[in-house]
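Q: All residue numbers in the sequence shown are consecutive under this note's numbering, ending with 316.
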Amino acid sequence: MKDRMQELKAAKDSDDDDEVAVIVDRDHFMDQFFEQVEEIRGDIEKVAENVQEVKRKHSAILSAPNTDEKMKQELEDLMADIKKTANRVRSKLKSIEQDIEKEETENRSSADLRIRKTQHSTLSRKFVEVMTEYNSTQTDYRERCKNRIQRQLEITGKTTTNEELEDMLESGNPAIFTSGIQMDSKIDKQAMSEIESRHNDIIKLENSIRELHDMFVDMAMLVESQGEMIDRIEYNVEHSVDYVERAVSDTKKAVKYQSKARRERMYDVSRGLTAPRSNSWGEQRAFPRGRREQRSRAVTPVPGSS
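What follows is the structure, encoded as structure tokens:
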């Protein structure tokens, strides 16, 4: 009888040890997860800061009396850094999403999983918000460059409509702007130099906008998987990509039908993603690093997420 009691006690001790090991293991995993959350949040904030700097560069370039090549290079470096950091964020968010989907497929449900889903949702929404602002910044700068070109053309005596100017920009040939213009004065030459400079800026912007469009499509699917969508994505992607895709269309009629079809696709997506937008960036800052405090302060999970 004594031996049997010792066996039972030993078995209980073994079970307790296993339970402690699992808890410690899980705590270590969540600590690593929150470290990753902080890294992603830091990258998103870095992109947001760079976007504000891009805005300042845009204003400085447009207000400068002469082309400032050094400032333009700084702008290109900023844009390259935004692209690099944004791709890193997108990759990490997709990795977290895949881990969550795997656990859900295995029918696992826990407070930890709900916390991770909430954090992933918050980071995804903030990332889309920041990238939407960047896209708006780019398209706004394109419009301002186009307006400058139009004003400079007027100085040389060449008046253009908005549609004519778009056609000229889509040609990709700076010489089309000088066609029929007699550059008899210093003012005319300065105006043409400004036109060529802004045209080059627009070409670079359109490449950036195209890259942003690809990222938006990817992130839209990421947010869709959570049952949420940022409405501004559709507006900014739709209007910015119009500038790029028109350039590869054979006729204006083709552009019209292509744009209509794209809008219908975007509307179909938005109609299927009607979950309301909620939770501000500040509501779900990183959980404290203390494990127990992390759990006690976790945001209430979205219904149906467990």
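We treat Cβ as the ideally placed atom computed from N, Cα and C, and that holds for glycine.
On the three-state DSSP scale, how would you describe A74?
A: Looking at A74 - three-state DSSP - the assignment turns out to be coil, as it is neither helix nor strand.
Q: Assuming contact is defined by CB atoms lying nearer than 8 Å, are E204 and Q162 in contact in what I supplied?
A: Yes, Cβ-Cβ distance for E204 and Q162 is below 8 Å.
Q: Counting only the same chain and skipping the five closest in sequence on each side, list residues whose C-beta sits under 7 Å from that of A58.
A: Only V140 meet the Cβ criterion.
Q: Is the Cβ-Cβ distance between F137 and L103 less than 8 Å?
A: A contact, by the Cβ cut-off of 8 Å.
Q: For R152 versus I71, is the C-beta spacing smaller than 8 Å?
A: Not in contact: R152 and I71 (Cβ atoms no closer than 8 Å).
Q: From this set, E79, K94 and T128, which residue's C-alpha is nearest E110's C-alpha?
A: Residue 110 is actually Ile in this sequence, not Glu. Selected option, being the one with the closest Cα: T128.
Q: Can you have a look at A90 and say buried or exposed, based on whether 16 or more other CB atoms are within 10 angstroms of its CB?
A: Answer is exposed; the Cβ neighbour count stays below 16.
Q: According to DSSP, simplified to helix, strand and coil, what is N117?
A: In the structure shown, N117 sits in coil (DSSP, three-state: anything other than H, G, I, E or B).
Q: Taking Cβ to Cβ, would you say L175 is nearer than 8 Å to I159?
A: A contact, by the Cβ cut-off of 8 Å.
Q: Verify whether the separation of the beta carbon atoms of E84 and K67 is less than 8 Å.
A: Taking 8 Å as the Cβ cut-off, E84 and K67 qualify as a contacting pair.
Q: What would DSSP say about G52, mapped onto helix, strand or coil?
A: Looking at G52 - three-state DSSP - the assignment turns out to be helix.
Q: Using a 10 Å radius around the Cβ and a threshold of 16 neighbouring Cβ atoms, would you call T132 buried or exposed?
A: The residue in question, T132, is buried, as its Cβ has 16 or more Cβ neighbours within 10 Å.
Q: Roughly how many whole angstroms lie between the Cα atoms of K93 and T170?
A: Those two C-alpha atoms are separated by around 35 Å.
Q: State the Cα-Cα distance for the pair H223 and T95, rounded to the nearest angstrom.
A: Those two C-alpha atoms are separated by around 16 Å.
Q: CA-CA distance, Y144 and V61?
A: When rounded, the distance between both Cα atoms is 6 Å.
Q: Assign E238 to one of two classes, buried (16 or more other C-beta atoms within 10 Å of its C-beta) or exposed (fewer than that).
A: Interpretation of E238 is limited by its pLDDT of 46, a score under 50 that renders its predicted location unreliable; the figure taken from the coordinates is listed afterwards. Classification for E238: buried.
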